[in-house]
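By our numbering, the letter at position 146 of the sequence shown is numbered 146, and the numbering carries on one by one without gaps.
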Amino acid sequence: MPDLFGRGEAVGPEPAGRARAPRAGAARPIHISGYARKDRDFYATPDWVTEALLRNVRFRGRVWEPCCGAGAIATVMQRRGYEVTSTDIADNGFGTPGVDFLSCQTVPDGCRAIVTNPPYGDARSLQGQEKSALSMLRFGHHGLRLTRSVEGQFALLVRLRWVAGKRASALASTGPFAAVIALTRRIHWFNLGEETNISQHHHAWVVFDHAHPIGQPPVLLFAD
Ligand SMILES: C[S@@+](CC[C@H](N)C(=O)[O-])C[C@H]1O[C@@H](n2cnc3c(N)ncnc32)[C@H](O)[C@@H]1O
Numbered sequence: 001m002p003d004l005f006g007r008g009e010a011v012g013p014e015p016a017g018r019a020r021a022p023r024a025g026a027a028r029p030i031h032i033s034g035y036a037r038k039d040r041d042f043y044a045t046p047d048w049v050t051e052a053l054l055r056n057v058r059f060r061g062r063v064w065e066p067c068c069g070a071g072a073i074a075t076v077m078q079r080r081g082y083e084v085t086s087t088d089i090a091d092n093g094f095g096t097p098g099v100d101f102l103s104c105q106t107v108p109d110g111c112r113a114i115v116t117n118p119p120y121g122d123a124r125s126l127q128g129q130e131k132s133a134l135s136m137l138r139f140g141h142h143g144l145r146l147t148r149s150v151e152g153q154f155a156l157l158v159r160l161r162w163v164a165g166k167r168a169s170a171l172a173s174t175g176p177f178a179a180v181i182a183l184t185r186r187i188h189w190f191n192l193g194e195e196t197n198i199s200q201h202h203h204a205w206v207v208f209d210h211a212h213p214i215g216q217p218p219v220l221l222f223a224d
């Protein structure tokens, strides 16, 4: 495949796995979901989460979804009239597989924004999938770097508490931090009938915009 993204090496797809449900009603601490992590951390974003972003942010030009999974975010954006380039490190039957976001050196041709719900672990190896704020930071730094050259926008779905972490707050403070959209409804990541569990975490979109006026503080918005 031609290297459209200025990448180093790309990693091939791996089969997706199925999460295992916890025993119904079992007590668990907040940092333990009770579900085994899925391979490469593939969790589809419910439509309302993307709708909440689009009600509050207008993106300039074509959007890149670099961890597109089965296309949940991309499909909602396309429905709303956006042109979207979709890629993923794995093959979930949508977009262009085999593209490691962290190896890309440029945004794809014509893109002015990145919108994604990235993995929480380092999904380049199946061993490295422990939940990690550091992995999210890597995605954050990289997305900011890539969007800077096109004076673009960058929206990342994170756990709300991630924003308050020391390193994340440093990233946000040095970047063109435009908005936090806190989701007041918690996300239902998958439906397993009666065993379905909602996330114990609140999530938020953090939005960077390289056209955001220097010195103007970010806005805090609430959506569901
Ligand atoms: C939490 S899922 C989200 C999928 C999709 N963005 C959505 O919102 O429905 C994370 C996705 O990131 C992909 N991924 C993990 N590491 C990646 C990397 N280094 N580069 C590109 N995609 C990656 C996984 O294959 C998975 O599809």
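C-beta atoms are modelled at their ideal positions from N, C-alpha and C, and glycine is treated no differently. Note that the structure is a prediction, hence the values are computed from the model and not measured.
Cβ-based burial, residue i [other Cβ within 10 Å; buried from 16]
{"i": "residue 188", "result": "exposed"}
{"i": "residue 86", "result": "buried"}
{"i": "residue 108", "result": "buried"}
{"i": "residue 181", "result": "buried"}
{"i": "residue 89", "result": "buried"}
{"i": "residue 172", "result": "buried"}
{"i": "residue 219", "result": "exposed"}
{"i": "residue 32", "result": "In this prediction, residue 32 has a pLDDT of 40, which is less than 50 and means its spatial position is unreliable; what the coordinates show is noted afterwards. That one is exposed."}
{"i": "residue 169", "result": "exposed"}
{"i": "residue 164", "result": "exposed"}
{"i": "residue 61", "result": "exposed"}
{"i": "residue 140", "result": "buried"}
{"i": "residue 23", "result": "The pLDDT assigned to residue 23 is 42, lower than 50, so where the model puts this residue is not dependable, and the model offers no usable value."}
Other residues of its chain near residue i: CB distance less than 7 Å, five sequence neighbours each side excluded
{"i": "residue 71", "result": "86, 94 and 95"}
{"i": "residue 44", "result": "69, 70 and 72"}
{"i": "residue 210", "result": "147, 148, 151, 152 and 176"}
{"i": "residue 138", "result": "102"}
Own chain partners of residue i with C-beta closer than 8 Å, once the 5 adjacent residues on each side are dropped
{"i": "residue 185", "result": "48 and 224"}
{"i": "residue 79", "result": "none"}
{"i": "residue 221", "result": "56, 179, 180, 181 and 182"}
{"i": "residue 166", "result": "none"}
Where the beta strand (DSSP E) containing residue i begins and where it ends
{"i": "residue 209", "result": "203 to 209"}
{"i": "residue 219", "result": "219 to 223"}
Cβ shell of residue i (< 6 Å), same chain only, five flanking positions each side left out
{"i": "residue 146", "result": "107"}
{"i": "residue 50", "result": "73 and 76"}
{"i": "residue 143", "result": "114 and 154"}
{"i": "residue 110", "result": "62"}
{"i": "residue 82", "result": "63"}
Start-end ranges of the beta strand (DSSP E) lying completely within the region 111 to 190, minimum 3 residues
111 to 116, 153 to 159 and 177 to 183
Is it the case that the region 109 to 118 contacts the region 63 to 73, given that we only count it when at least three CB pairs across the two stretches are under 8 Å?
yes
Taking only runs that begin and end inside the region 36 to 89, name each unbroken beta strand (DSSP E) of 3 or more residues, in chain order.
62 to 65 and 84 to 86
Does the structure place the region 149 to 166 close enough to the region 203 to 219 that three or more beta carbon pairs sit under 8 Å?
yes
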